[in-house]
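Everything on this sheet refers to the single structure shown next.
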Amino acid sequence: NQATLAVHELDITFHLPEGEFYALHNISFEIFPNEVVGIVGESGCGKSLTAKAIMGTLPQNASITRGNMIFQNRQLHQMLDKDWQRLRGNELTMIFQEPMNSLNPVLTIGKQVSEVLKRHTSLSKKERKQKVMKTWKEVGLPRAEALWKAYPHQLSGGMCQRVVIAMAVIGQPQLIIADEPTTALDVTTQAQILDLFQSIKQNYNNALLFISHDWGVIRRICDRVMVMYAGRIVEQGDVDKLMNEPKHPYTKSLLQAIPNASKRGQRLYTIPGNVPSLQERKTGCPFYERCPLKMKQCEAVFPDTYTFARQTVACHLFAKEGEHH
Ligand code: SF4
Ligand code: MG
Numbered sequence: 002n003q004a005t006l007a008v009h010e011l012d013i014t015f016h017l018p019e020g021e022f023y024a025l026h027n028i029s030f031e032i033f034p035n036e037v038v039g040i041v042g043e044s045g046c047g048k049s050l051t052a053k054a055i056m057g058t059l060p061q062n063a064s065i066t067r068g069n070m071i072f073q074n075r076q077l078h079q080m081l082d083k084d085w086q087r088l089r090g091n092e093l094t095m096i097f098q099e100p101m102n103s104l105n106p107v108l109t110i111g112k113q114v115s116e117v118l119k120r121h122t123s124l125s126k127k128e129r130k131q132k133v134m135k136t137w138k139e140v141g142l143p144r145a146e147a148l149w150k151a152y153p154h155q156l157s158g159g160m161c162q163r164v165v166i167a168m169a170v171i172g173q174p175q176l177i178i179a180d181e182p183t184t185a186l187d188v189t190t191q192a193q194i195l196d197l198f199q200s201i202k203q204n205y206n207n208a209l210l211f212i213s214h215d216w217g218v219i220r221r222i223c224d225r226v227m228v229m230y231a232g233r234i235v236e237q238g239d240v241d242k243l244m245n246e247p248k249h250p251y252t253k254s255l256l257q258a259i260p261n262a263s264k265r266g267q268r269l270y271t272i273p274g275n276v277p278s279l280q281e282r283k284t285g286c287p288f289y290e291r292c293p294l295k296m297k298q299c300e301a302v303f304p305d306t307y308t309f310a311r312q313t314v315a316c317h318l319f320a321k322e323g324e325h326h
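Residue numbers (the UniProt record's numbering): 2 to 326.
Given below as structure tokens:
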């Protein structure tokens, strides 16, 4: 079974007036067909930047300084603009938090969804409309004829996100990246959209990279999860196992910070301190300042990654127990 996407030892560097700074460091992971992989972490840890690196939409002042990404046998970092135009929005698609930002306010919904097919297929106008209608059915969009002529502002947030999802799946992509796709929605709509993601996985056999800061969402939708901190993957593994038996002190702190209905009235646990900025990152463990279990060697030396069955953890605490990498 071949990975849909394989990211190997990727470094992303920001070129700032003050110097060069690692934004992502030594990122390696794979996503297989039919798999949902989550990325979880606080904001500023590199979740969205990882998505941008894969999509080839890094900011001007950032670049790949080491490693590679292989998507369906193609080296993404070596692709030309014309290759990207074929790939992006077709085989490799992205869904963002705010659906309104992905829709053009002055174009009808029908026009903008069928535009995706116009760009990437040779279907006739009539065939495009049929395909759009079929896709709308699959993503739970009712009253297709009325929707065809509607404008984005006439739809609810949840409907807009379904339209965006329709645009993301219509070309039968191999990989969809969703960056906090339910964060802007109310709780009921959020649950419906998560159900939709689950049915998409079954219907389209694609791989899904799902970025969220919400463990409830991660547990519900993902098979595996990666925990990012300050531009590093500090832990990864199967979702249930990792959430039941977190190993990395950061993962443990994040899980303790989950709002818990049974603890109502108690103060929510938050992790003291902040994610270090790009300029503040040093050579040691990036979690050093905030880690309740830090040891002497953690300050100067970045920990190696240790493997326990299907779980990996980058922390000096596991130097004796795990299999060394
Ligand atoms: Fe804490 Fe040290 Fe592990 Fe970093 S390496 S998470 S500072 S114990
Ligand atoms: Mg983000």
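Even glycine gets a Cβ: it sits at the ideal position worked out from N, Cα and C. On a predicted model such as this, the values are computed, not experimentally measured, just so you know.
Proximity winner among the options, relative to residue i (alpha-carbon distances)
{"i": "V37", "options": "T183, I272, Q191 and A179", "result": "A179"}
{"i": "G42", "options": "V188, L197, K283 and E181", "result": "E181"}
{"i": "E99", "options": "L186, E128 and C46", "result": "L186"}
{"i": "E92", "options": "M244, S278, N74 and G20", "result": "N74"}
{"i": "residue 388", "options": "H249, L11 and A52", "result": "No answer is possible for residue 388: the residues shown for the chain start at 2 and end at 326."}
{"i": "G158", "options": "R225, G274, Q191 and Y289", "result": "Q191"}
{"i": "Q155", "options": "V117, I110 and W137", "result": "I110"}
{"i": "C161", "options": "S200, Q280 and N105", "result": "N105"}
Whether residue i touches residue j by CB criterion (8 Å)
{"i": "A231", "j": "P287", "result": "yes"}
{"i": "Q205", "j": "Q173", "result": "Residue identity check: residue 205 is Tyr in the sequence provided, not Gln. A contact, by the Cβ cut-off of 8 Å."}
{"i": "N35", "j": "K150", "result": "no"}
{"i": "M229", "j": "I40", "result": "yes"}
{"i": "I222", "j": "F30", "result": "no"}
{"i": "V170", "j": "V218", "result": "no"}
{"i": "V114", "j": "A147", "result": "no"}
{"i": "P250", "j": "P304", "result": "no"}
{"i": "E21", "j": "G68", "result": "no"}
{"i": "I96", "j": "V164", "result": "no"}
{"i": "G57", "j": "R87", "result": "no"}
{"i": "A184", "j": "L195", "result": "The amino acid occupying residue 184 in the given sequence is Thr; Ala does not appear at that position. In this structure, L195 does not lie closer than 8 Å to T184 by Cβ."}
Boundaries of the beta strand (DSSP E) in which residue i is found, first to last residue
{"i": "E21", "result": "G20 to I32"}
{"i": "H9", "result": "L6 to L17"}
{"i": "L209", "result": "A208 to I212"}
{"i": "T284", "result": "Unbroken run through T284: none, as it is neither H nor E."}
{"i": "I177", "result": "L176 to D180"}
{"i": "A315", "result": "Q312 to A315"}
{"i": "Q113", "result": "Per DSSP, Q113 belongs to no beta strand (DSSP E); it is in the alpha helix (DSSP H), I110 to H121."}
Residue i versus residue j: straight-line alpha-carbon distance, rounded
{"i": "residue 349", "j": "F72", "result": "The displayed coordinates of the chain run from 2 to 326. Any statement about residue 349 would go beyond what the structure contains."}
{"i": "I55", "j": "T271", "result": "31 Å"}
{"i": "K253", "j": "A301", "result": "22 Å"}
{"i": "F33", "j": "A4", "result": "4 Å"}
{"i": "N102", "j": "P18", "result": "30 Å"}
{"i": "Q193", "j": "N2", "result": "31 Å"}
{"i": "A310", "j": "N27", "result": "21 Å"}
{"i": "L50", "j": "L142", "result": "31 Å"}
{"i": "H214", "j": "S44", "result": "8 Å"}
{"i": "Y307", "j": "R282", "result": "22 Å"}
{"i": "L59", "j": "K48", "result": "13 Å"}
{"i": "H16", "j": "C46", "result": "18 Å"}
{"i": "V276", "j": "L256", "result": "16 Å"}
is_contact[residue i, chain D] using C-beta, thresh 8 Å
{"i": "K283", "result": "Going by chain labels, chain D is absent from the structure shown, which holds only one protein chain."}
Endpoints, alpha helix (DSSP H) assigned at residue i
{"i": "F309", "result": "Unbroken run through F309 is the beta strand (DSSP E), T306 to F309; no alpha helix (DSSP H)."}
Jot down the residue ranges of each uninterrupted alpha helix (DSSP H) in the segment 68-99, minimum 4 residues, whole runs only, in chain order.
Listed in chain order, the complete alpha helix (DSSP H) runs (minimum 4 residues) inside the segment 68-99 are 82-88.
Under 5 Å from any heavy atom of the ligand ZN, by CB: list those residues in chain order, please.
The ligand ZN is absent from the structure shown, which contains only the ligand SF4 and the ligand MG.
At what residue ranges does the segment 137-184 contain a whole run of the alpha helix (DSSP H), taking only runs of 4 or more?
Taken in chain order, the unbroken stretches of alpha helix (DSSP H) that lie wholly in the segment 137-184 and span 4 residues or more are 145-150 and 158-170.
For the segment 212-239, which segments carrying the alpha helix (DSSP H) assignment without a break, of at least 4 residues, lie completely within its bounds, in sequence order?
For the segment 212-239, whole alpha helix (DSSP H) runs of length 4 or above, ordered along the chain, are 216-222.
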